[in-house]
Every structure is written in C-alpha cells, then in structure tokens.
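Q: Can you read through this structure? Questions will come right after.
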Ligand code: PLP
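Residue numbers (the working numbering): 1 to 400.
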C-alpha cells in the first residue's frame, strides 16, 4: 500500500516548477534558454525595502514573529487598503502569511469540507486547482472564451452555482489571461451572488497595480460593499514590489474567517518570515513611485509581445489589459510536423518543441484549464522578449 494519501497522488506539482526544472537542466547541459515562463518581475527589490530588512536584522528581529503577523504590518496593510483601494479594514481583520499562496491555502483549508465546490474561471491560475484538491474539495470550472476577453457572463456563473458551492475565486487582473473585470461586469456577477448567500468571494488582487490603457483597478468589494461579510481579499508583496523571494502575502476579511486561517497557520508555519515583515512595512508605507515606472515598462513589453505574437504565423492573441502575461492561441500550429517527424498534436507538444528545439521556456494551456494556448510571461526584458520570439518564429518556420 502506498504511503502517499490518495488525494495527494491526484494533485499535480506546479507546472511552473516543472518547466523551470527542465529549463535549468537544459542550461546545465550548456543550452541557451530564454525564459518566458516565470511569473516574477525582473526588477530588483527597491533599496529602501532592502535597507528596512537590514535594519530589522541589526535590531535582532530574528525571533518568531506573532503567528498572525506583526501588528505594525497589519496596520500598514489597513492603511494601504484605505489609501489605494478605498476599503476599510481593521488590523483584526487581517493576517500575514508566507506569500499569497499560503493565504489561499490557509483560506481553503480552513473552509472546505470534502466534496465542497469552488468555482474557477478558466483560464485560471493553476495552483487554485491543486489547493482545492488538497482540501478534498472539487473545482467547478467555467470555461471563458477568447472572444469574450476571457471573462464569464453572469448567466454562466449562475448556472455553475450549486448548494455545495463554497467559493467563487476571482483573479483580476488575471493570470494567465491578463483580463481585468470592468465595474459593470463585477456588478453583474455581484447581482448573481446576492441570490446565493452561501457563496463566498475570494478576490485575488495580486496584480492590482499592473493595469494598462488607463484602466482603473476595482475589486468586487468596491462595487458591491454589501457583500463584505462573505468577501476575502487576498494580496501580497511579490509582484507589486518585486519581492517574490521575500514570501509575504496577506488577507483581509471577516474576523471569524481570519481566526480560522490563523489556526491553520499557527499549526503549520507559525507565521511569515520576521525580517521580511519589517521590510514589507517599509514597502507599504514608503515611496511607491517605482510601481508606476514598472507599470510603464510592462505596458511597453505587453505591446511588444502582442505585436510579435500576432506577427507570428499560427499564433493569435488579445492585448491583455493587466498582469504581466499574455495567453496566446496557438491553434494555427497544431497538426504540423517537427523536423524530427513528430506531430505537434497539442499545445503541450508545441511547448516541449519550443523548449527542446528552440530554447524558449513558456507554458502550455492545460495547467490553466484552457487549450490550445501558450502563456508568455513578459516579466522579462524587451531584449529577451525579442530574442524569444525570433527563436519561436525560426522554430515555427521549421514545422511542415
Ligand atoms: N495568485 C496569483 C494569481 C499568482 O499568479 C500568484 C503567483 O504567481 C500568486 C497568487 C502567489 O503569489 P505569492 O505566493 O508569491 O505571493
């Protein structure tokens, strides 16, 4: 009999780690790989944030922090939510975790019973599925479409809700689609949710600052404040502040839920890294001008990816309105043969071909619940993006 729990055997490892490991192995063999796969900004963490960490170390802030998070950081989160999102939360309604990933894990672990359902909108961020399955719950997927800008209709949401639905997970700006929900769309979804008071809303706002074309970020609580008693806001420092390795995420929501998440956390990690929390206070309360500068750079990269992808035979993509990913249809490449004679039957085969033959790492659609697509991350330099697409075009030219 296997030692591994049955439901864990069904969960897949995160595809990004798998592709990164393959890319590293090829690099180790001396191959040049251009990575368009990683979901982390290439900008360094700003100096004032690093210096706050150095100060925390020198002040011996190296012991266990309070498991729910430093009071100073919980305060800073409330200030940030008021300042940037016009939302009122008290520190007791917040928790700090090891990245937004652990926020999500705590929330789902604390609330899901076996067989409960969580509604996901495909294409979705792959880790939602793994976390839901680790709670022995069931992901219920609404498949959106390219034509509708990867956003669902209110009617589709209504149809997916059952008595077992516990959560709807919203992620706007989205990974991988880059879709940003408009106020009207959020209002329409909120109208449906009002008819189903047993459904909670988990709003993953981690890409909130990276919105383009003059769009203003709003989450569902902004447009439907009456849903506050069943709304969990999830965010983190990784993307906005180029702090992926510092592992700080946070949630704000009803106190009873926060307390249950704290219970999970106190019995698992005992809280997030102490020095990173002090650095995060500096990030949330200090100079923010770099965020706007990074957004301008991301806009240029977004434009570059969209132009290059749409100039490549077999690829087609929409201009994403936010985040730093582009979800590119590759239907036009399927059915072709590689120089080695194998058939490119799927987007997974295409991504493998691009990694092994062209030295370009990117992700296929299936982990995001939608196929045939390629996810390109433009959290990398414009020269890398140009070189990556040169290689892609050349590799496509060799298909017949
Ligand atoms: N949510 C989404 C949509 C993401 O894309 C990611 C990371 O890629 C996370 C959450 C987790 O971020 P972190 O754990 O680094 O805070």
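Where a beta carbon is used, it is the ideal one built from N, C-alpha and C, also for glycine.
Out of curiosity, what's the CA-to-CA distance linking residue 271 and residue 356?
A: 40 Å
Q: Check whether the Cβ of residue 365 lies closer than 7 Å to any heavy atom of the ligand PLP, and answer yes or no.
A: no
Q: Can you list every residue whose CB sits closer than 6 Å to some heavy atom of the ligand PLP, going in chain order?
A: 39, 99, 100, 101, 125, 171, 175, 204, 206, 236, 238, 244 and 249
Q: Name the residue from 353, 328 and 122 whose alpha carbon lies nearest to the alpha carbon of residue 340.
A: 353
Q: Among 133, 208, 142 and 279, which has the Cα closest to the Cα of residue 58?
A: 279
Q: What does the alpha-carbon distance come out to for the pair residue 64 and residue 108?
A: 25 Å
Q: Going by DSSP in three states, residue 142 sits in which element: helix, strand or coil?
A: strand
Q: Assign residue 219 to buried or exposed, taking buried as 16 or more other Cβ atoms, counted over all protein chains shown, within 10 Å of its Cβ.
A: Buried is the label assigned to residue 219, since at least 16 other Cβ atoms lie within 10 Å of its Cβ.
Q: Alpha carbon to alpha carbon, what distance is there between residue 227 and residue 22?
A: 44 Å
Q: Helix, strand or coil: how does DSSP classify residue 388 here?
A: Here residue 388 sits in helix by DSSP.
Q: I need the boundaries of the alpha helix (DSSP H) containing residue 298, first residue and last residue.
A: First-last of the alpha helix (DSSP H) with residue 298: 289-310.
Q: Taking contact to mean 3 or more Cβ pairs, one atom from each stretch, closer than 8 Å, check whether the stretch 155-169 and the stretch 186-202 are in contact.
A: Yes: the two stretches touch, three or more of their Cβ pairs being nearer than 8 Å.
Q: Suppose you measure from the CA of residue 290 to the CA of residue 51; what does that come to, to the nearest Å?
A: 16 Å
Q: Runs of 3 residues minimum, wholly inside the stretch 142-207: which ones carry the beta strand (DSSP E) assignment?
A: When DSSP assignments are scanned along the stretch 142-207, the uninterrupted stretches of beta strand (DSSP E) that are 3 or more residues long and fall wholly within it turn out to be 165-171 and 200-204.
Q: How is the alpha helix (DSSP H) around residue 327 delimited, first residue to last?
A: Careful: residue 327 lies outside any alpha helix (DSSP H), inside the beta strand (DSSP E) at 325-329.
Q: Measure the alpha-carbon distance for residue 91 versus residue 71 and round it to whole angstroms.
A: 7 Å
Q: Can you round the beta-carbon distance between residue 105 and residue 131 to whole angstroms, since I take them to be within the 8 Å contact cut?
A: Between residue 131 and residue 105 the Cβ distance is about 5 Å, and since that is below 8 Å, they are a contact.
Q: When the Cα of residue 110 is compared with those of 178, 333, 386 and 266, which residue comes out closest?
A: 266
Q: For the beta strand (DSSP E) holding residue 338, just list the boundary residues, first then last.
A: No beta strand (DSSP E) holds residue 338; DSSP gives it neither H nor E.
Q: Can you check which of these residues, 393, 369 and 380, is closest to residue 176 by C-alpha distance?
A: 369
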